[in-house]
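J.:
Protein chains: 2
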Amino acid sequence: MIRFFNGRTLEPGGVTENEVWVDGSAISYVGPAKADMPAFERQVDLQGDLIMPGFKDAHTHSGMTFLRSAADDLPLHQWLEKQVFPAEAKLTPESTGAFVKVAFLEYLANGITACFDMYFFQDQFVQVAKDWGFRAVMCESLTFGDDPQRVYDRYEKYNNMGPFVGYRLGFHAEYTNGLETFKAVSEAAHHFKAPVWCHNSETAKEVRECVQRHGVSPTKLFDELGLYDYGGGGYHCIYMTDEDMDIFARRGLTAVLNACSNGKLASGTFHLKEAMEKGVNLAVGTDGPASNNALDMFREMYLINIMAKLREENAAAGDPGLILDAAVSGGARAMGLTDCDAIAPGKQADMVRIDMHRPNMRPVNNVVKNLVYSGDPSNVRMTMIAGKVLYEDGQFFVGEDAEDICRAAEKYTKQILG
Amino acid sequence: MIRFFNGRTLEPGGVTENEVWVDGSAISYVGPAKADMPAFERQVDLQGDLIMPGFKDAHTHSGMTFLRSAADDLPLHQWLEKQVFPAEAKLTPESTGAFVKVAFLEYLANGITACFDMYFFQDQFVQVAKDWGFRAVMCESLTFGDDPQRVYDRYEKYNNMGPFVGYRLGFHAEYTNGLETFKAVSEAAHHFKAPVWCHNSETAKEVRECVQRHGVSPTKLFDELGLYDYGGGGYHCIYMTDEDMDIFARRGLTAVLNACSNGKLASGTFHLKEAMEKGVNLAVGTDGPASNNALDMFREMYLINIMAKLREENAAAGDPGLILDAAVSGGARAMGLTDCDAIAPGKQADMVRIDMHRPNMRPVNNVVKNLVYSGDPSNVRMTMIAGKVLYEDGQFFVGEDAEDICRAAEKYTKQILG
């Protein structure tokens, strides 16, 4: 057992001074010190630091680290067609596995304990997750030319790989698929009684062209086709109509916010006010490192609130507590990781130690606002998944040397980008 | 002498692999290793890390750390009148000095080597700067009720305090002063042949009311009164007209951008495209920790570019190289620290070591874009001012214990906020 004491704990009801004990992969106790203490393998004196649930990066493309700082400052379609697609055509299973590892290092350094990923070469991705003990849920990324029947095998295969791997039904987006695929995925959703995910309403163009093609918005189209009969949600969700928001609220779907990527690609701003009014479930994602370019949930939380204030021209807009909850618990619920969403007895020990001593956290007037408005990755002292410390004080404990991982990724990057 | 080798250097012409040698307070050599090497007191093997000029926080209110996370999410006027002003009325020289120290710790941890500050109790502020060897330039903050004649004594006093302290003529803003003050400051500017600074066009309301009062915009008013005859500039500068931009360009004035504060207070977005087209000098500031809430120039640089893209609805908008230059060199020029603006022989050794090994910097496809789009304070390994290391690997070297400083600030905060 590991004991964390003399600090703060971000619990579902707020910030407490409770201790947190971890036994195996789970949290065994959250409360004050006891008179009769068990034997601990390790005792961590937090000295005021905070234990909080790990961030859940609810939409990302981990394998895209190789394009970081190599494909910037271009309009979306030029970016995709001139930089992203030609480079991705050169990806191999080996290089993608190397690039995924760089992303996983960054997740760990930034307090992220799980990611909801959509990319190529899923076997390599899964292998890293299993080897390291990092929670990785994949979303199926069907596009034109893919056989939607593949989802049946994959669903069975990847959802039976143990606690660190998951697979969700989905497809890339409306504009990259036809009706037959949507119908096939809907059948699969009914077969498995499973949620469905995709990029949804990321740009005005996407929604406009969907209306031209199908007479309705992407959200309404998917809903009418039964794709949301067992839940799910969408990534980005910027250009949603009121009716789309109502569908999300009624179905209990989750909108995954990607403020940094939507800014960098000039896509637009999520309608947070309307989503809050309708009670839409929210989660937070970084999107891939080619369009962000960091995998940093502090920056996402900050920007979501800032953009809400600017969009509404009201400094009172946004809600740091709600967005923090979306970034840790909302993401867990979206990914099906309902045992990783909170610091509470019986929950998986997916947690982060936040350094409250660094000057950006002082004075400690309000822990939640500190996290959202002045926190940054330098405040992450430790990242634990399933009771195992994978990152602490700048060191990674993943069974491989971090610098070797980065150098291998750079070798493959050079082969692809020249 | 200290030798930094085996890394990268951000020089005025771009990123090189040159060594950097520091002798006393200055940079003595930038170039390849020599056959005949002098004796060094310390040799730092950078292992690929980057030496770059320190960030210059060109607009801040350091003493406001006590309000961090204590005054958020309120519209600007409520924020000022209900939270900021009543709390500030309780400030003392002692408490303000303690709050300034917390800000200075944060500057150092985040790679900031100089700040352009506007706040109360300047003697306490100056004392910390001198004691620590941190470069602090004050801007005079005249408001209603202040005697503008005080600027003469202060100008002489603070500009003769050695290399770490500076004082610039200025006033809080148009809306907090009358014509007599502007005329008096203009006289002082002509007396000293000195630049003038103030908050300028931060909100639409400010500009609208200035036009009602004076018939012209703040920028035009100040220009007509001769306040800019010896240069200077403005903080925020969001609601500038084309004519205002022309005045800034023609006079060589500097617009200090504060994207995070302008977002958090829902003030608006700087017109970067127009400023770039007209060639307006740019610098970057955090504004105070009550309206930001971090003192983090990485986040500022990111947000400036993101906001430009969103405002122009064009992912190609913004310019990471230009904004990085504004954050390091533009700020130095604005503050009169022209010997602290670059890594070059003879320049002051105000520099930062950036950790290029952390995964957010990998692969290293483009150092400048890495700094602006994926860099964060966790990448700051060392901050040096005038050849002296004041921060390295999480430790502060300022002659006082960092935790003691933060605790003292928290004690004073409790006295003020209850």
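If you read the protein sequences in the order shown, they are chains A and B.
Quick note on the numbering used here: the first sequence kicks off at 1 and runs consecutively.
Quick note on the numbering used here: the second sequence kicks off at 1001 and runs consecutively.
Even glycine gets a Cβ: it sits at the ideal position worked out from N, Cα and C.
Since we're looking at a predicted model, the values are computed, not measured.
(1) Using the rule of at least 16 other Cβ atoms within 10 Å of the residue's Cβ for burial, across every protein chain shown, is Arg-1042(B) buried or exposed?
(2) On the DSSP letters alone, give me the boundaries of the alpha helix (DSSP H) that Thr-1181(B) sits inside.
(3) Compute the Euclidean distance between the alpha carbons of Ser-141(A) and Val-20(A), then round it to the nearest angstrom.
(4) Can you name the residues that DSSP bridges to Thr-16(A)?
(5) Tell me, to the nearest whole angstrom, how far the beta carbon of Ser-261(A) is from that of Asn-292(A); I am working on the premise that it is less than 8 Å.
(6) Is the CB of Asp-287(A) under 7 Å away from at least one CB in chain B?
(7) Quick one: what does DSSP say Thr-60(A) is sitting in, helix, strand or coil?
(8) Output needed for Leu-105(A): all residues of its chain with C-beta closer than 7 Å, excluding positions within five of it in sequence on either side, in chain order.
(9) With distances taken from CA atoms, which of Arg-3(A), Ile-27(A) and Glu-88(A) is nearest Ala-290(A)?
(10) Between which two residues does the beta strand (DSSP E) carrying Ile-470(A) extend?
(11) Taking just the CA atoms, how far does Ala-315(A) sit from Gly-321(A)?
(12) Helix, strand or coil, according to DSSP, for Asn-1262(B) in the structure here?
(13) So His-214(A) is in the alpha helix (DSSP H); what residue range does that whole segment cover?
(14) If you drop the 5 nearest sequence neighbours on each side, which residues of the same chain put their C-beta closer than 8 Å to that of Thr-96(A)?
(15) Taking 7 Å as the CB-CB limit, is Asp-1072(B) close to chain A?
(16) Under 9 Å Cβ-Cβ, which residues of chain B neighbour Lys-419(A)?
(17) Just the Cα atoms here: how many angstroms apart are Thr-241(A) and Ile-247(A)?
(18) What residue does the alpha helix (DSSP H) around Val-352(A) start on, and which one ends it?
(19) What would DSSP say about Cys-198(A), mapped onto helix, strand or coil?
(20) Is His-1236(B) buried or exposed, if buried means 16 or more other CB atoms sit within 10 Å of its CB?
(21) Verify whether the separation of the beta carbon atoms of Leu-1050(B) and Thr-1383(B) is less than 7 Å.
(22) So, are the CB atoms of Thr-203(A) and Ser-267(A) less than 7 Å apart?
(23) At the level of alpha carbons, what is the spacing between Asn-370(A) and Asn-360(A)?
(24) Distance cutoff 7 Å, beta carbons only. Does Ser-1217(B) sit that close to anything in chain A?
(25) So, at 6 Å on beta carbons, what are the nonlocal neighbours of Thr-1254(B) in its own chain, with the 5 sequence-adjacent residues on each side left out?
(26) Under 8 Å, with one C-beta from each stretch per pair, do the region 1016-1034 of chain B and the region 1337-1354 of chain B reach the 3-pair mark?
(27) With 7 Å as the limit, tell me which residues of the region 374-395 of chain A have their beta carbon closer than that to any beta carbon of chain B; keep them in chain order.
(28) Which runs of the beta strand (DSSP E) fall wholly inside the region 1280-1306 of chain B and span at least 3 residues, in chain order?
(29) Does chain A have any CB closer than 7 Å to the CB of Val-1102(B)?
(30) When Cβ atoms are compared, which residues of the region 1262-1283 of chain B fall closer than 9 Å to chain A?
(31) Going by DSSP, what residue range makes up the beta strand (DSSP E) through Ala-39(A)?
(32) Hey, does Leu-1371(B) have any beta-carbon neighbour from chain A nearer than 7 Å?
(33) At 8 Å on the CB atoms, spell out the chain B contacts of Ala-409(A), in chain order.
(34) Can you give the Cα-Cα distance for Asp-350(A) and His-59(A), rounded to whole angstroms?
(35) Which residue spans inside the region 88-130 of chain A form an unbroken beta strand (DSSP E) run of at least 3?
(36) Counting only C-beta atoms, is Val-1086(B) closer than 7 Å to chain A at any point?
T.: Quick look at the numbers:
(1) Here the question's residue 1042(B) lines up with position 42 in the second sequence. Classification for Arg-1042(B): exposed.
(2) Here the question's residue 1181(B) lines up with position 181 in the second sequence. Run containing Thr-1181(B): 1179-1192, per the alpha helix (DSSP H) assignment.
(3) Reading the first sequence from its first residue, position 141 is the one you call residue 141(A). Reading the first sequence from its first residue, position 20 is the one you call residue 20(A). Cα to Cα, the separation comes out at about 38 Å.
(4) By 1-based counting over the first sequence, the position of residue 16(A) is 16. BP columns for Thr-16(A) point to Thr-9(A).
(5) As a working note, residue 261(A) is residue 261 in the first sequence. As a working note, residue 292(A) is residue 292 in the first sequence. So it is a contact: roughly 5 Å between Cβ atoms.
(6) Taking the first sequence and counting its residues from 1, one reaches residue 287(A) at position 287. At a cut-off of 7 Å between C-beta atoms, Asp-287(A) does not count as an interface residue with respect to chain B.
(7) Stepping through the first sequence from its first residue, residue 60(A) is reached at position 60. DSSP places Thr-60(A) in strand when its eight states are reduced to three.
(8) As a working note, residue 105(A) is residue 105 in the first sequence. Hits under 7 Å: Phe-396, Ala-402 and Ile-405.
(9) Counting from 1 along the first sequence, the entry for residue 290(A) is found at position 290. Of the candidates Arg-3(A), Ile-27(A) and Glu-88(A), the one whose C-alpha sits nearest the C-alpha of Ala-290(A) is Glu-88(A).
(10) The structure shown does not extend to residue 470(A), since chain A is modelled only from 1 to 418, so the question has no answer here.
(11) Numbered from its first residue, the first sequence carries residue 321(A) at position 321. Numbered from its first residue, the first sequence carries residue 315(A) at position 315. Taking the straight line from one Cα to the other gives about 15 Å.
(12) Here residue 1262(B) refers to the residue found at position 262 of the second sequence. Here Asn-1262(B) sits in helix by DSSP.
(13) Position 214 of the first sequence, counted from the start, is the residue given in the question as residue 214(A). 204-214 is the extent of the alpha helix (DSSP H) around His-214(A).
(14) Walking along the first sequence from the start, residue 96(A) turns up at place 96. These residues qualify, in order along the chain: Gly-63, Tyr-119, Phe-120, Phe-121, Gln-124 and Phe-125.
(15) Against the second sequence, residue 1072(B) aligns to sequence position 72. Yes, its Cβ sits closer than 7 Å to a Cβ of chain A.
(16) Any question about residue 419(A) goes unanswered here, given that chain A covers just 1 to 418.
(17) In the first sequence, the residue the question calls residue 241(A) occupies position 241. In the first sequence, the residue the question calls residue 247(A) occupies position 247. Roughly 10 Å between the two C-alpha positions.
(18) The residue labelled residue 352(A) in the question sits at position 352 within the first sequence. Secondary structure note for Val-352(A): it is in no alpha helix (DSSP H), and the uninterrupted beta strand (DSSP E) holding it is 351-354.
(19) As a working mapping, residue 198(A) is identified with position 198 in the first sequence. In the structure shown, Cys-198(A) sits in a strand (DSSP, three-state: E or B).
(20) For this step, residue 1236(B) is matched to residue 236 along the second sequence. Buried, since its Cβ has 16 or more Cβ neighbours within 10 Å.
(21) For this step, residue 1050(B) is matched to residue 50 along the second sequence. For this step, residue 1383(B) is matched to residue 383 along the second sequence. The answer is no: Cβ separation not under 7 Å.
(22) Here residue 203(A) refers to the residue found at position 203 of the first sequence. Here residue 267(A) refers to the residue found at position 267 of the first sequence. Yes.
(23) As a position in the first sequence, residue 370(A) is number 370, starting the count at 1. As a position in the first sequence, residue 360(A) is number 360, starting the count at 1. About 8 Å.
(24) Here residue 1217(B) corresponds to residue number 217 of the second sequence, with the count starting at 1. No - not a single Cβ of chain A is within 7 Å of the one on Ser-1217(B).
(25) Looking up residue 1254(B) in the second sequence gives position 254. Contacts found: Gly-1233, Asn-1281, Ala-1283 and Ala-1334.
(26) yes
(27) Ser-374, Asp-376, Pro-377 and Ser-378
(28) 1281-1284
(29) The count along the second sequence starts at 1 and reaches residue 1102(B) at position 102. True, the Cβ-Cβ gap to chain A drops below 7 Å.
(30) Asn-1262, Gly-1263, Lys-1264, Leu-1265, Ala-1266, Ser-1267, Gly-1268 and Thr-1269
(31) For the purposes of this step, residue 39(A) is taken as residue 39 along the first sequence, with counting starting at 1. Where Ala-39(A) is concerned, there is no enclosing beta strand (DSSP E), given that its DSSP letter is neither H nor E.
(32) Against the second sequence, residue 1371(B) aligns to sequence position 371. It does not; no Cβ of chain A falls within 7 Å.
(33) Residue mapping note: residue 409(A) aligns to position 409 of the first sequence, counting from 1. Under the 8 Å cutoff, chain B gives Arg-1362 and Pro-1363.
(34) As a first step, residue 350(A) must be located in the first sequence, where it is residue number 350. As a first step, residue 59(A) must be located in the first sequence, where it is residue number 59. Whole-angstrom Cα-Cα distance: 18 Å.
(35) Counting only runs of at least 3 residues, the region 88-130 of chain A fully encloses the following beta strand (DSSP E) elements, listed from N- to C-terminal order: 112-117.
(36) Here residue 1086(B) corresponds to residue number 86 of the second sequence, with the count starting at 1. The amino acid occupying residue 1086(B) in the given sequence is Pro; Val does not appear at that position. With 7 Å as the cut-off, Pro-1086(B) does not count as an interface residue toward chain A.
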